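Structure, as structure tokens:
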Amino acid sequence: MDETKLAICRQAYATQMLAKMGIAGDERLWQVFATVPREDFLDPPPWRMANGIGYQDMPSTDPVILYQDVLIALQEGRQVNNGSPSLHALGLHWLAPQPGETACHIGAGGGYYTAMLSHLVGHDGHVVAIEYDRDLAARAATSLAPYGNVEVICGNGLKWPQSPFDAIYVNFAVHRPAEAWIDNLAVGGRLIFPLSAPSRDGRDNLRPLSARGGFFLIERTPSDYRARYLSSTVFVWGHGATGTLETYRALEDTFRHGGMNEVTRLRWKTPREEDEWYSEEDWGLL
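Counted the way my numbering counts, the sequence shown spans residues 51 to 336.
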């Protein structure tokens, strides 16, 4: 392996991923994309790449080919992938983990973006990675062993974190934010999660992926929760995230009608308000 060539490719990749999402001036984020080895968090080659209708073999075993904006299979049968680097560049940019902070990565998969969080919070920070799937959690724990500020837990991401955290980064889709995410978001903290309905077949049976939804940022202030729509997205559907068909359809209709760019606030466990973009009894976005 030509380490010099690989380093150059990682630097170009970092520049391209941030530029694709319109991110300028985030040197710390550029550094983690330019240094964390993606291949360390994948199976050995041959790697399999999502192509829109399934998966195909990548044409080389040279890790240089991993440094592009493609989805690489972690568990092909479940359509669990290593994630879109450009989308995660956007998410991590807005999450903005700072040195010394605590971060909880929920749905950590193989641990690639957990490693980035580790660098961003630094030696004085701490990262807890939650992964429901036992095999993936074990793989992540092995790959993340050199990262001394990371703890990997095999558990239900809907139940974590279990104490206040500064940054919570969720990498599976849900039809509503979990109570643990909102209630354990520290004042001044940031939560990013994918909101959507699950994708379903003609008989309304759930498929592994979500329908098209949105990446949302929630920021906790001393008095309320600010909210911001970041991007359209599709994620793997969260294990244990169960709503009603009526709720799923209402959320799909809400996304279909647009207006998510105007969302500025999360209502949480307070009475409904007028002009909510999306509204349920105990929470809403407006």
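Using N, Cα and C, we set each Cβ at its ideal position, and we do this for glycine too.
All values derive from a computational prediction rather than experimental measurement.
Original post:
Straight-line CA distance for Val200 to Pro321?
Top reply: Taking the sequence shown and counting its residues from 1, one reaches residue 200 at position 150. Taking the sequence shown and counting its residues from 1, one reaches residue 321 at position 271. Each residue's alpha carbon lies about 39 Å from the other.
Subject >> Option nearest Tyr341 by Cα separation, candidates Asp303, Ile242, Glu126 >> reply: The structure shown does not extend to residue 341, since the chain is modelled only from 51 to 336, so the question has no answer here.
Subject >> Residue from Thr65, Leu267, Asp107 with nearest C-alpha to Asn311 >> reply: Taking the first residue of the sequence shown as position 1, residue 311 is located at position 261. The option with the nearest alpha carbon to Asn311 is Leu267.
Original post:
Taking the alpha-carbon positions, what's the Thr152 to Ala236 distance?
Top reply: Counted from its first residue, the sequence shown places residue 152 at position 102. Counted from its first residue, the sequence shown places residue 236 at position 186. If you take the alpha carbons of Thr152 and Ala236, they lie about 10 Å apart.
Subject >> 9 Å Cβ cutoff met for Phe285 and Asn206 >> reply: Locating residue 285 in the sequence shown gives position 235, counting from the first residue. Locating residue 206 in the sequence shown gives position 156, counting from the first residue. No, the pair does not count as a contact, with Cβ atoms beyond the cut-off.
Original post:
Near Gly293, which residues of its chain fall below 6 Å by C-beta distance, leaving aside the five closest residues on each side in sequence?
Top reply: The residue labelled residue 293 in the question sits at position 243 within the sequence shown. Correct list, in chain order: His225.
**OP:** Would you mind working out which of Gly175, Leu140, Pro135 sits nearest Pro149, comparing C-alpha positions?
**Re:** For the purposes of this step, residue 149 is identified with residue 99 of the sequence shown, where counting begins at 1. Selected option, being the one with the closest Cα: Gly175.
Original post:
For Ala100 versus Ile122, is the C-beta distance shorter than 9 Å?
Top reply: Locating residue 100 in the sequence shown gives position 50, counting from the first residue. Locating residue 122 in the sequence shown gives position 72, counting from the first residue. Contact flag set, yes.
Subject >> Residue(s) in a DSSP beta bridge with Tyr279 >> reply: Your numbering for residue 279 matches position 229 in the sequence shown. Partner(s): Phe266.
Subject >> Reference Ser168, options Gly159, Glu89, Val178, closest by Cα >> reply: As a first step, residue 168 must be located in the sequence shown, where it is residue number 118. It is Val178.
Subject >> Rounded straight-line distance, which links the Cα of Asp303 to that of Trp144 >> reply: Counting from one through the sequence shown, the residue named residue 144 turns up at place 94. Counting from one through the sequence shown, the residue named residue 303 turns up at place 253. C-alpha separation (whole angstroms): 27 Å.
Original post:
At what residues does the alpha helix (DSSP H) containing Met67 begin and finish?
Top reply: If you number the sequence shown from 1, residue 67 lands on position 17. Unbroken alpha helix (DSSP H) run through Met67: 53–70.
Original post:
Among Ile180, Asp90, Gly263, which has the Cα closest to the Cα of Thr192?
Top reply: Counting from 1 along the sequence shown, the entry for residue 192 is found at position 142. Measuring from the Cα of Thr192, the nearest candidate turns out to be Asp90.
Subject >> Short Cβ contact (9 Å threshold) for Gly160 with Leu186 >> reply: Translated into the one-based positions of the sequence shown, residue 160 becomes position 110. Translated into the one-based positions of the sequence shown, residue 186 becomes position 136. The answer is yes: Cβ separation under 9 Å.
Original post:
In or out: Glu53 buried (at least 16 other Cβ within 10 Å) or exposed?
Top reply: Looking up residue 53 in the sequence shown gives position 3. Exposed is the call here.
Subject >> Proximal residues to Pro214 (C-beta, below 6 Å), its chain only, five neighbours per side dropped >> reply: One-based indexing of the sequence shown puts residue 214 at position 164. Correct list, in chain order: Asn234, Ala236.
Original post:
Skipping 5 residues on each side, what residues in its chain have a beta carbon closer than 6 Å to that of Met108?
Top reply: Here residue 108 refers to the residue found at position 58 when the sequence shown is read from its first residue. Same-chain partners within the cutoff: Trp97, Met99, Ile115.
**OP:** Pick helix, strand or coil for His176, following the three-state DSSP scheme.
**Re:** Sequence index remark: in the sequence shown, residue 176 carries index 126 (1-based). Reduced to three states, the DSSP call for His176 is strand.
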